[in-house]
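Everything below concerns the one structure shown next.
In UniProt numbering, the protein residues as written are 1 to 311.
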């Protein structure tokens, strides 16, 4: 049977599918549901130093081809997720999990990462660079000078496997500039992409979410072409030791196949997981294996990154 096993930073995973930070990961109960599903692992809700309630409701809406949200980083705080992961790695020493975090300031980012560095956590950490950091400033990863400064300081003290979650880029020059920065550092992975920021979805004559007068991040089928472009652009530009997690528009096994074809080593599921629940992992995995079997691929390595071009 075709295998969907994969690895990130040398850690093995039985399946290449997992949740995206933000979906099915707010509480321990939700994380346990993902852990006990067909997913290969899970990532926690993006944690801040203290717990946050987030933006007022309604702040998330499923729409026909995806979703729109302006959540405002609701989470239980770093200690909640880190304590759970430390207990879990004692119970399940052969499994590896992802801890997502973001600081509401650069100072807070370093406090979070130093706490993880000083802890016994042995898994993978994902630093979310696709959230606004300072009022009046763009998302962190759109500010290349700030991004480079943060990563330079982080890697002066952080020695554990670290990856970054990125917003979508839309210009070839930005792919070049971002990759030139990332290649300077011992990153384990980049995660492409977070939702496409500041879209509007209208029903009748009204927006559908309350924060920001309806502006929110777009996810789901709408963003797959953008996600695939980011995965492949960075696969072409990053040094081989920086792996890629593909996120965006994964509804079917074919969508997961395309992310891997573009260069992803792991694939996250967000909007579809919100709509279907954890049963989506079993369905998408079966569809992916069926495609692989039909094409004669026994492993992901048989086709990862081998996107064909027209001469």
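Glycine residues also receive a C-beta, built at the ideal position from the N, C-alpha and C atoms.
Annotation: residue 177 is outside any beta strand (DSSP E); the continuous alpha helix (DSSP H) that includes it extends over 172-182.
The beta carbon of residue 120 sits closer than 7 Å to the beta carbons of 86 from its chain, once the five residues preceding and following it are set aside; these are given in chain order.
As the crow flies, the alpha-carbon of residue 146 is around 22 Å from that of residue 160. Here residue 63 is bridged, per DSSP, to 66. Under the criterion of beta carbons closer than 8 Å, residue 177 and residue 144 qualify as touching, at roughly 6 Å. Judged by beta-carbon spacing, residue 184 lies beyond the 9 Å limit of residue 126, meaning their Cβ atoms are not closer than that value.
With the rule of 3 Cβ pairs closer than 8 Å, the stretch 15-31 counts as touching the stretch 262-280. In the structure shown, residue 34 falls within a helical segment according to DSSP collapsed to helix, strand and coil. Assignment of residue 236 by DSSP, reduced to helix, strand and coil, places it in the helix class.
In the assembly as shown, residue 255 is a buried residue. Its beta-carbon has 16 or more other beta-carbons within 10 Å. In the DSSP assignment, residue 12 forms a beta bridge with 7. In the DSSP assignment, residue 268 falls within the unbroken beta strand (DSSP E) covering 266-269. Leaving aside the five residues that flank residue 24 on each side, the residues in its chain whose CB is nearer than 6 Å to its CB run, in chain order, 30, 34, 273. In this structure, the beta-carbon distance from residue 59 to residue 167 does not fall below 9 Å. Separation of the CB atoms of residue 13 and residue 44 is rounded to 16 Å, and the pair is thereby denied contact status at 8 Å.
Per the coordinates, the alpha-carbon of residue 3 lies some 10 Å from the alpha-carbon of residue 290. With fewer than 16 other beta carbons inside 10 angstroms of its own, residue 309 counts as exposed. In the structure shown, residue 122 falls within a coil segment according to DSSP collapsed to helix, strand and coil. Every unbroken stretch of the beta strand (DSSP E) spanning 3 or more residues and falling wholly within the stretch 187-261 is given here in chain order: 189-192, 196-199, 216-220, 243-247.
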